[in-house]
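Novice:
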């Protein structure tokens with residue numbers, strides 16, 4: 004699998020060197036987008052993986068005044084089991100571990116990180132249902148929080164779609180999330196969301212859709228009860244392959260938040276979850292992502308956090324088929340709404356570059372460098388700005404046996 008510098012990200016599985024059932028789909032289709040080797044997935048398969056990674060961080064705690072360097076040695080094993088064809092009906096289970104073998108900074112958490120995903124897809128001539136349950140325990144840098152945190156996340160997704168006619172279909176989606184932080188200074192919260200979609204086919208492989216949803220954010224055991232809110236959103240989206248060399252999927256819309264009685268005034272902002280990929284010259288693949296969301300503030304500094312982020316990336320074969328390079332650039336800002344930090348805006352930017360080399364079937368090496376800088380809001384003076392700013396660089400060298 005590609006190194007950590009890959010532009011198109013799966014935030015839930017980040018650090019576990021897997022893309023879950025998507026990886027099996029690439030193997031099943033025999034494409035060279037992720038791996039130049041073809042492995043057929045017929046009625047079922049067990050796909051093990053293991054990586055040994057060395058990480059070198061120059062500011063592991065994101066402390067602007069006392070930077071701490073750290074060298075880590077990680078063993079990252081995992082196993083994906085799938086029954087059925089990834090492009091059709093299937094069930095899957097994906098489990099991964101991150102085992103810290105060595106950390107030069109003794110203050111770091113030395114417990115293993117865990118990932119578990121269970122899911123499946125079932126479709127008939129007119130209907131399709133798919134679902135996923137996931138658990139992750141991970142310690143790493145959190146860009147939105149602006150600190151190194153240890154947390155546990157649970158997710159549940161369920162989607163249903165039914166074809167109404169040759170050009171239209173309707174769907175329902177539901178999602179539940181639970182987020183728990185190990186440190187007391189961060190706020191745990193739950194999120195529940197349900198939505199309906201109406202699709203319309205605009206070309207042979209492209210559909211447009213309108214989505215309307217309703218949800219609830221519930222901070223748990225928090226003095227910041229003002230973050231508890233019902234929210235509503237309306238958005239327009241697209242999915243499919245718009246041309247042989249370009250495809251985009253996702254939605255852009257608006258969210259309205261209504262807080263519990265007496266907490267604060269209603270609040271609204273635009274939201275997005277949009278990804279696009281293009282191969283205009285047949286050798287290089289260009290990608291772009293746009294994400295914007297409103298969530299409860301996890302560090303009690305405000306009522307809500309609005310995170311907006313854009314990621315641009317490119318990858319291509321380098322000289323030979325087995326050597327691939329990738330670069331990406333990230334730009335974002337975090338707006339704080341309500342509470343003591345109302346009106347504060349922090350901005351961040353970063354880049355990454357990496358290469359992956361398949362020495363032989365199923366064996367690969369990866370080398371990547373990533374850099375991130377966050378500039379805190381200077382409205383409260385130089386000291387406050389310095390306390391909320393940081394920069395960090397990370398080298399990653401890994402050796403993997405994959406599938």
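Residue numbers (my numbering): 4 to 406.
Built from N, CA and C at the ideal position, the CB exists for glycine as well.
Runs of 3 residues minimum, wholly inside the segment 275-327: which ones carry the beta strand (DSSP E) assignment?
Specialist: Counting only runs of 3 or more, we get 287-299 and 307-321.
Novice: Using a 10 Å radius around the Cβ and a threshold of 16 neighbouring Cβ atoms, would you call residue 115 buried or exposed?
Specialist: For this step, residue 115 is matched to residue 112 along the chain shown. Residue 115 comes out exposed.
Novice: So, with DSSP's three-state summary, where would you put residue 388?
Specialist: Along the chain shown, one-based indexing puts residue 388 at 385. Helix, per DSSP.
Novice: Should residue 366 go down as buried or exposed, given a rule of 16 or more other Cβ atoms within 10 Å for buried?
Specialist: Along the chain shown, read from residue 1 onward, the residue named residue 366 stands at position 363. Looking at its Cβ environment, which holds fewer than 16 other Cβ atoms inside 10 Å, residue 366 is exposed.
Novice: Do you know how far the Cα of residue 392 is from the Cα of residue 149?
Specialist: Within the chain shown, residue 149 is the residue found at index 146, counting from 1. Within the chain shown, residue 392 is the residue found at index 389, counting from 1. So the two alpha carbons sit approximately 8 angstroms from each other.
Novice: Alpha carbon to alpha carbon, how far is residue 77 from residue 53?
Specialist: As a working note, residue 77 is residue 74 in the chain shown. As a working note, residue 53 is residue 50 in the chain shown. Using only the alpha carbons, I get a separation of about 11 angstroms.
Novice: Mind checking who residue 234 pairs with in its DSSP beta bridge?
Specialist: Taking the chain shown and counting its residues from 1, the one referred to as residue 234 is at position 231. Residue 234 is bridged to 218 and 260.
Novice: For residue 166, which residues of its own chain have a beta-carbon under 6 angstroms away from its beta-carbon, when the five flanking residues on both sides are left out?
Specialist: In the chain shown, residue 166 corresponds to position 163, counting from 1. Closer than 6 angstroms at the Cβ level, and outside the excluded window around residue 166, lie 129 and 172.
Novice: What are the boundary residues of the beta strand (DSSP E) that residue 160 is part of?
Specialist: Residue 160 sits at position 157 when you count from the first residue of the chain shown. Residue 160 -> beta strand (DSSP E) spans 150-166.
Novice: Since residue 63 and residue 151 are thought to touch, with beta carbons under 8 angstroms apart, how far apart are those beta carbons, to the nearest angstrom?
Specialist: Taking the chain shown and counting its residues from 1, one reaches residue 63 at position 60. Taking the chain shown and counting its residues from 1, one reaches residue 151 at position 148. Right, their Cβ atoms sit about 7 angstroms apart.
Novice: What are the start and end residues of the beta strand (DSSP E) that includes residue 90?
Specialist: Counted from its first residue, the chain shown places residue 90 at position 87. From DSSP, residue 90 is part of no beta strand (DSSP E); its letter is neither H nor E.
Novice: Return the chain-ordered list of same chain residues with a C-beta closer than 7 angstroms to the C-beta of residue 101, the five sequence neighbours on each side being excluded.
Specialist: Reading the chain shown from its first residue, position 98 is the one you call residue 101. Hits under 7 angstroms: 18, 19, 77, 79, 115 and 116.
Novice: Pick helix, strand or coil for residue 14, following the three-state DSSP scheme.
Specialist: Position 11 of the chain shown, counted from the start, is the residue given in the question as residue 14. Looking at residue 14 - three-state DSSP - the assignment turns out to be helix.
Novice: Verify whether the separation of the beta carbon atoms of residue 254 and residue 270 is less than 7 angstroms.
Specialist: As a first step, residue 254 must be located in the chain shown, where it is residue number 251. As a first step, residue 270 must be located in the chain shown, where it is residue number 267. Cβ distance not < 7 angstroms, so residue 254 and residue 270 don't count as in contact.
Novice: Report buried or exposed for residue 109, applying the criterion of at least 16 other Cβ atoms within 10 angstroms of its Cβ.
Specialist: Reading the chain shown from its first residue, position 106 is the one you call residue 109. With fewer than 16 Cβ atoms within 10 Å of its Cβ, residue 109 is classed as exposed.
Novice: Does the pairing of the segment 322-334 with the segment 345-359 give three or more beta-carbon distances under 8 angstroms?
Specialist: Verdict: yes, contact present.
Novice: In the DSSP assignment, the beta strand (DSSP E) including residue 184 goes from what residue to what residue?
Specialist: Translated into the one-based positions of the chain shown, residue 184 becomes position 181. Unbroken beta strand (DSSP E) run through residue 184: 171-184.
Novice: Please work out which residues of its chain come closer than 6 angstroms, Cβ to Cβ, to residue 347, disregarding the five sequence neighbours upstream and downstream, and give them in chain order.
Specialist: As a first step, residue 347 is located in the chain shown; it is residue number 344 there, counting from the start. Taken in chain order, the residues that qualify are 339 and 380.
Novice: Would you mind working out which of 170, 164, 312 and 90 sits nearest residue 146, comparing C-alpha positions?
Specialist: Reading the chain shown from its first residue, position 143 is the one you call residue 146. Of 170, 164, 312 and 90, the residue nearest in Cα terms is 312.
Novice: Is it buried or exposed for residue 200, if we count other Cβ within 10 angstroms and need 16 for buried?
Specialist: Sequence index remark: in the chain shown, residue 200 carries index 197 (1-based). With 16 or more Cβ atoms within 10 Å of its Cβ, residue 200 is classed as buried.
Novice: The beta strand (DSSP E) spanning residue 121 covers which residue range?
Specialist: Residue 121 sits at position 118 when you count from the first residue of the chain shown. Run containing residue 121: 116-126, per the beta strand (DSSP E) assignment.
Novice: Run through DSSP, which three-state label would residue 81 get?
Specialist: Taking the first residue of the chain shown as 1, we reach residue 81 at position 78. In this structure, residue 81 counts as strand in the three-state DSSP scheme.
Novice: For a quick check, are the C-beta atoms of residue 210 and residue 243 less than 7 angstroms apart?
Specialist: Within the chain shown, numbered from 1, the residue matching residue 210 stands at position 207. Within the chain shown, numbered from 1, the residue matching residue 243 stands at position 240. Yes, Cβ-Cβ distance for residue 210 and residue 243 is below 7 angstroms.
Novice: Who pairs with residue 67 in a beta bridge, going by DSSP?
Specialist: Reading the chain shown from its first residue, position 64 is the one you call residue 67. Note: residue 67 sits in no beta bridge, so no partner.
Novice: In chain order, what residues of the same chain have a beta carbon less than 6 angstroms from the beta carbon of residue 38, not counting five sequence neighbours either side?
Specialist: Locating residue 38 in the chain shown gives position 35, counting from the first residue. Reliability fails at residue 38, whose pLDDT of 43 lies under 50, so the model's placement of it is uncertain and no value is given.
Novice: When the Cα atoms are used, what is the spatial distance from residue 193 to residue 180?
Specialist: For the purposes of this step, residue 193 is taken as residue 190 along the chain shown, with counting starting at 1. For the purposes of this step, residue 180 is taken as residue 177 along the chain shown, with counting starting at 1. Their Cα atoms are separated by approximately 6 angstroms.
Novice: Which of helix, strand or coil does DSSP assign to residue 343?
Specialist: Walking along the chain shown from the start, residue 343 turns up at place 340. Three-state result, residue 343: helix.
Novice: Compare the beta carbon distance of residue 317 and residue 293 with 7 angstroms and say whether it is the shorter of the two.
Specialist: For this step, residue 317 is matched to residue 314 along the chain shown. For this step, residue 293 is matched to residue 290 along the chain shown. Contact flag unset, no.
Novice: Enumerate in chain order the residues of its own chain whose CB-to-CB distance from residue 308 is below 8 angstroms, with the five nearest sequence positions on each side excluded.
Specialist: Indexing the chain shown from 1 puts residue 308 at position 305. 147, 297, 298, 299, 300, 301, 337, 338, 339 and 340.
Novice: Who does residue 245 pair with in a DSSP beta bridge?
Specialist: Residue 245 sits at position 242 when you count from the first residue of the chain shown. Answer is none; residue 245 lacks a bridge partner.
Novice: Can residue 196 and residue 215 be called in contact, C-beta distance under 7 angstroms?
Specialist: What you label residue 196 is simply residue 193 of the chain shown in a count that begins at 1. What you label residue 215 is simply residue 212 of the chain shown in a count that begins at 1. Their beta carbons are not under 7 angstroms apart, which means residue 196 does not touch residue 215 by this criterion.
Novice: Tell me, please, which residues DSSP counts as bridged to residue 107.
Specialist: By one-based count along the chain shown, residue 107 stands at place 104. Note: residue 107 sits in no beta bridge, so no partner.
Novice: Drop a sphere of 10 angstroms on the beta-carbon of residue 280, count the other beta-carbons inside from all chains shown, and report buried for 16 or more, exposed for fewer.
Specialist: Position 277 of the chain shown, counting from 1, holds the residue named residue 280. Under this definition residue 280 is a buried residue.
Novice: Return helix, strand or coil for residue 20, following the three-state DSSP convention.
Specialist: As a position in the chain shown, residue 20 is number 17, starting the count at 1. Here residue 20 sits in coil by DSSP.
Novice: Rounded to whole angstroms, what's the CA-CA distance from residue 183 to residue 191? Just pull it up for me.
Specialist: Start at 1 with the first residue of the chain shown, and residue 183 comes out as number 180. Start at 1 with the first residue of the chain shown, and residue 191 comes out as number 188. Rounded to the nearest angstrom, the two C-alpha atoms are 5 angstroms apart.
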